[in-house]
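Numbering (the numbering used here), first residue to last: 20 to 404. Every residue, glycine too, gets a C-beta built ideally from N, C-alpha and C.
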Amino acid sequence: LYAAAGGWEGVPPERLGEVDAEAIAGWVVEHYPRPRYPAVLLGASNGAAVHVAAALGAPWLPQTVLIPVRWPGNSPDRPDLAAEFGASVAPALLERNPDIVLHHMHDANQDQLMIQRMAYFRIKRRRLGTAYERFLLDRLAPNAPIIVLADRSRWPVTTVAERHVYQIGAQGGLDAEDYDRCGLSPDAAAAEAEWGFDDDLLADVHRFAAEHGHPVHVLDYPAPQALSAPVARLYRTWLADAGTRADRLLVESFLLLDPIRTLQAGCVPLWTIFPVRSALDTARGYLATADPAYATAHIGLFPHGVRSQGLVPPQHWIERVGELVDSAELLGVDPDRYPADFAALVRYGQALRAMSPAPGRRPEPGRMRVTMALAFLPAADRTTE
């Protein structure tokens, strides 16, 4: 049912020529109705950065957008056939959208269920485009900074055509060399499809900023979870300065995150990509250096439906995180059903809403100073005027 529902969300291949990247960008900016914003975050996808945007009251404009393509004949174990399918249906999409690069991703490990009914196309914009430029002109306050999320994640790819690359595997439980490529050899390394940043956009950001007087802050970081600990330290300081007893950590997982309710509960967010070994290492690495130590850790685990390679079981999360805090507990997760615990997608938010707020006052969303955020984030001193 999970796979079937996902497949029906996909765009029929014959309609890919109707997909308009500018219309998608217009839809994104419609979510930000305020007349003026003190900053903007722009670029790579990152859950930790979403918390920064919420704290600043700043919009986040993504470079990368997922376009699921309906394909009930996809086989997780045949990446070669998926490459042929992508090559046959992508030209109309690329012709309609000359300022994007297509990254077709096929991950038979973590996306085992979903790719049975669809292909994962991700497009990365190389130019700001009309919708983003108009939004920045009209809504970004004078001299407000443009903060570029430049995730340097790379992955081996096979070039299919101009502006079209094919990626076997993805960041998570396995390394690139662990995947069966079915005879397809990579011929280049490119920005990782889901998380990586394509530098072509940066040149256009600098052009716009120079023309309109905005400083550019480029946050260079090697992988998505590299932002997690800095943002947790930022939030803990912000909460403590406001008077919150900031001793509760919320370990987030992929799309299991809610910046506003996390702040209302007085929790410090630590975002992770998926419930895999690298995510547990990120959580333990942060907790091992936290001073003072945390009293409690609440742990959310994204349910993707399969016991994929590299997945860390719920009980192991509790035990290993629990070694570094007084108390560790799952948030909205049924360990007996996990990883097919799809109801956790609903229960997580319910559990967060039901959480008793931490003692003390909390800061309001949108009130963090931009200078404070930049002081905690990696390479934020790399600026241009």
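Taking its Cβ as the centre, do 16 or more other Cβ atoms sit within 10 Å of residue i, making it buried, or is it exposed?
i	result
Gln334	exposed
Asp400	With a pLDDT of 45 at Asp400, under the threshold of 50, the modelled position of that residue is not reliable, and the figure given next carries that caveat. Result: exposed.
Thr178	exposed
Glu404	Summary for Glu404: the model assigns pLDDT 43, below 50, so the residue's position carries little reliability; its value from the coordinates is reported in the next sentence. Glu404 comes out exposed.
Leu320	buried
His122	buried
Asp170	buried
Leu396	buried
Asn162	exposed
Leu156	exposed
Trp336	buried
Pro288	buried
Glu211	buried
Arg55	exposed
Arg388	exposed
Arg136	buried
If you draw a straight line from the C-alpha of residue i to the C-alpha of residue j, how long is it?
i	j	result
Thr402	Ala102	With a pLDDT of 47 at Thr402, under the threshold of 50, the modelled position of that residue is not reliable, and no figure is offered here.
His422	Leu268	Outside the displayed span of the chain (20 to 404) sits residue 422, for which this structure offers no information.
Ala392	Pro382	14 Å
Arg53	Arg158	8 Å
Pro322	Leu299	16 Å
Trp290	Ile166	19 Å
Ala58	Gly76	8 Å
Gly36	Ala309	50 Å
Ala228	Val235	7 Å
Asn65	Val365	21 Å
Leu203	Asp99	7 Å
Pro384	Ala261	12 Å
Asp197	Ile279	38 Å
Gln186	His125	6 Å
Pro294	Arg252	21 Å
Ala248	Ser327	26 Å
Arg97	Leu80	34 Å
Ala245	Ser346	25 Å
Gly304	Gly329	18 Å
Among the options, which residue has its Cα nearest to the Cα of residue i?
i	options	result
Val38	Pro57, Ile86 and Val47	Ile86
Val237	Leu220, Leu253 and Gln244	Leu220
Thr256	Ala228, Gly285 and His231	Gly285
Arg264	Leu306, Pro311 and Arg303	Pro311
Glu342	Pro332, Pro358 and Leu306	Leu306
Glu114	Pro294, Ala180 and Thr390	Ala180
Ser94	Ala109, Gln244, Leu121 and Gln131	Gln131
Thr281	Pro32, Ala73 and Glu28	Ala73
Asp223	Asn116, Arg145 and Ala377	Arg145
Asp206	Pro175, Asp96 and Asp353	Pro175
Phe104	Ile134, Thr83 and Gln82	Ile134
Pro243	Asp218, Glu49 and Leu168	Leu168
Gly148	Leu61, Tyr254, Val331 and Arg326	Leu61
Val405	Phe361, Asp217, Leu193 and Asp277	Because residue 405 is not part of the residues shown, which for the chain are 20 to 404, the question remains open.
Along the chain, where does the alpha helix (DSSP H) that runs through residue i open and close?
i	result
Trp46	Ala40 to Val48
Arg366	Ala363 to Ala373
Phe154	Gly148 to Arg158
Leu100	Pro98 to Arg115
Leu253	Ser247 to Ala261
May I ask which residues mark the beginning and end of the beta strand (DSSP E) holding residue i?
i	result
Asp82	Note that residue 82 corresponds to Gln in the displayed sequence, not to Asp. Segment: none, Gln82 is in no beta strand (DSSP E) and carries neither H nor E.
Ile337	From DSSP, Ile337 is part of no beta strand (DSSP E) but of the alpha helix (DSSP H) over Pro333 to Gly341.
Asp239	Val235 to Tyr240
Val224	Val224 -> not in any beta strand (DSSP E); alpha helix (DSSP H) instead, spanning Asp219 to His231.
Phe273	No beta strand (DSSP E) holds Phe273; DSSP gives it neither H nor E.
Arg200	Premise fails: Arg200 is in no beta strand (DSSP E) and is neither H nor E.
Ser346	Ser346 to Leu349
Tyr139	Met137 to Arg144
His323	No beta strand (DSSP E) contains His323, which DSSP labels as neither H nor E.
Leu396	Taken as a continuous stretch (DSSP letters only), Leu396 belongs to no beta strand (DSSP E), as it is neither H nor E.
Leu35	Counting along the chain, Leu35 falls outside any beta strand (DSSP E), and DSSP gives it neither H nor E.
Val120	Ile119 to His125
Reducing DSSP to helix, strand and coil, say where residue i ends up.
i	result
Met387	coil
His70	helix
Gly192	coil
Ala212	coil
Ile292	coil
Val167	strand
Pro181	As written in the sequence, residue 181 is Glu, which differs from the Pro given in the question. DSSP places Glu181 in coil when its eight states are reduced to three.
Gln328	coil
Gln131	coil
Ala316	strand
Trp174	strand
Ala309	coil
Gly62	strand
Arg55	coil
Arg89	strand
Ala377	coil
Determine, for residue i, whether the minimum Cβ-Cβ distance to residues of chain B falls below 8 Å.
i	result
Pro397	Among the protein chains of the structure shown there is no chain B, as only one such chain exists.
Answer yes or no: the CB of residue i versus the heavy atoms of the ligand FMN, is any distance below 7 Å?
i	result
Asp218	The model depicted lacks the ligand FMN and carries no ligand whatsoever.
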